[in-house]
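>
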Amino acid sequence: MGLLGDAKKIASRDPAARSVVGVILLYPGFHALVYHKISHFFYKLGLKGIARFSSQIARFWTGIEIHPGAQIGDGLFIDHGMGVVIGETAIIGNDCTIYHGVTLGGRGHDKSHKRHPTLEDNVLVGAGAKILGNVVIGENSNIGANAVILYDVPKNSTVVGVPGKVVKKDGQKPDKSHAVELDHAAIPDPLEQEVCMLNKRVHELEKLMKLTLEDQKDDRCCDKTSEETLK
Numbered sequence: 030m031g032l033l034g035d036a037k038k039i040a041s042r043d044p045a046a047r048s049v050v051g052v053i054l055l056y057p058g059f060h061a062l063v064y065h066k067i068s069h070f071f072y073k074l075g076l077k078g079i080a081r082f083s084s085q086i087a088r089f090w091t092g093i094e095i096h097p098g099a100q101i102g103d104g105l106f107i108d109h110g111m112g113v114v115i116g117e118t119a120i121i122g123n124d125c126t127i128y129h130g131v132t133l134g135g136r137g138h139d140k141s142h143k144r145h146p147t148l149e150d151n152v153l154v155g156a157g158a159k160i161l162g163n164v165v166i167g168e169n170s171n172i173g174a175n176a177v178i179l180y181d182v183p184k185n186s187t188v189v190g191v192p193g194k195v196v197k198k199d200g201q202k203p204d205k206s207h208a209v210e211l212d213h214a215a216i217p218d219p220l221e222q223e224v225c226m227l228n229k230r231v232h233e234l235e236k237l238m239k240l241t242l243e244d245q246k247d248d249r250c251c252d253k254t255s256e257e258t259l260k
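Residue numbers for the sequence shown follow our numbering, beginning at 30 and rising by one.
1) Within 10 angstroms of its Cβ, does L259 collect 16 or more other Cβ (buried), or is it exposed?
2) Could you name the residues that DSSP lists as bridge partners for L133?
3) Candidates T91, L161, V52 and S84: which alpha carbon is nearest N175's?
4) Given this structure, state the Cα-to-Cα distance separating H60 from G98, to the nearest angstrom.
5) Any chance the region 169–189 sits against the region 138–158, with 3 or more Cβ pairs inside 8 angstroms?
6) How far does the beta strand (DSSP E) with V188 in it extend, from its first residue to its last?
7) From L242 to L227, what does the alpha carbon distance come to, in whole angstroms?
8) For S263, count neighbouring Cβ atoms within 10 angstroms of its own Cβ and tell me buried if that reaches 16, exposed if not.
9) Leaving aside the five residues before and after K197 along the sequence, list all residues of the same chain whose C-beta is less than 6 angstroms from its C-beta, in chain order.
10) Using DSSP with H/G/I as helix, E/B as strand and the rest coil, what is V196?
11) Which one or two residues does DSSP pair with N171 in a beta bridge?
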């Protein structure tokens, strides 16, 4: 697709974008992709010092740190972008969206193995989320803001919390991609759901306790009346 195609996709997906030219000139997420193309080219040639220097320039100007070794597909949209970190062995599929403060980080020190996450196609990662280790985020999945992901996520899933929990899995491709529609706020809160369930259970127990006490009261009254009748 190339950088021009990336710019067009960003312009079509971001409601704040005024034009493709505006994306090319003003968007730090697009600038980070340009620098990454350069640094990745030198990285594959074995010129890793030059590659890291290029990536550090990108980090200085955009606030986005992408290791030269990372593999990035077409149509990546890094929205705002400040504080985004993408590790050396990370792999990002096509048409993904990443918000600011996201970390695709590594676990372990073994250089001979993949240490960073893989995002399959059409994945949306909310602001501040941390995806750590050699985990796979299935296609069309939605990672909530500030979630911490340490394990694989099935495709077509919604994950929130610390550690991340799957709160929605339909097993089918959604009509519209989260990464394209940017509907990362439409995510259920697992803590709120737990509190609601506990609240409902408390009300049920209170109702049951009230009925039990009333039954006991009626029994006592019946016993007292029987005794008075006998007398």
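Positions of the beta carbon are idealized from the N, C-alpha and C atoms, including for glycine.
Let me lay it out:
1) Locating residue 259 in the sequence shown gives position 230, counting from the first residue. Note on L259: pLDDT 46, under 50, position unreliable in the model; no value is reported.
2) Taking the sequence shown and counting its residues from 1, one reaches residue 133 at position 104. DSSP lists I115 and I160 as partners of L133.
3) Translated into the one-based positions of the sequence shown, residue 175 becomes position 146. N175 has its Cα closest to that of L161, out of T91, L161, V52 and S84.
4) Looking up residue 60 in the sequence shown gives position 31. Looking up residue 98 in the sequence shown gives position 69. So the two alpha carbons sit approximately 17 angstroms from each other.
5) yes
6) Numbered from its first residue, the sequence shown carries residue 188 at position 159. Unbroken beta strand (DSSP E) run through V188: S186 to V189.
7) Working through the sequence shown from its first residue, we reach residue 242 at position 213. Working through the sequence shown from its first residue, we reach residue 227 at position 198. The straight-line gap from Cα to Cα measures roughly 22 angstroms.
8) Residue 263 falls outside the range modelled here, since the chain spans only 30 to 260, and no answer is possible.
9) Indexing the sequence shown from 1 puts residue 197 at position 168. Excluding sequence neighbours, K197 sits near T187.
10) In the sequence shown, the residue the question calls residue 196 occupies position 167. V196: strand per DSSP, three-state reduction.
11) As a working note, residue 171 is residue 142 in the sequence shown. DSSP lists L153 and T187 as partners of N171.
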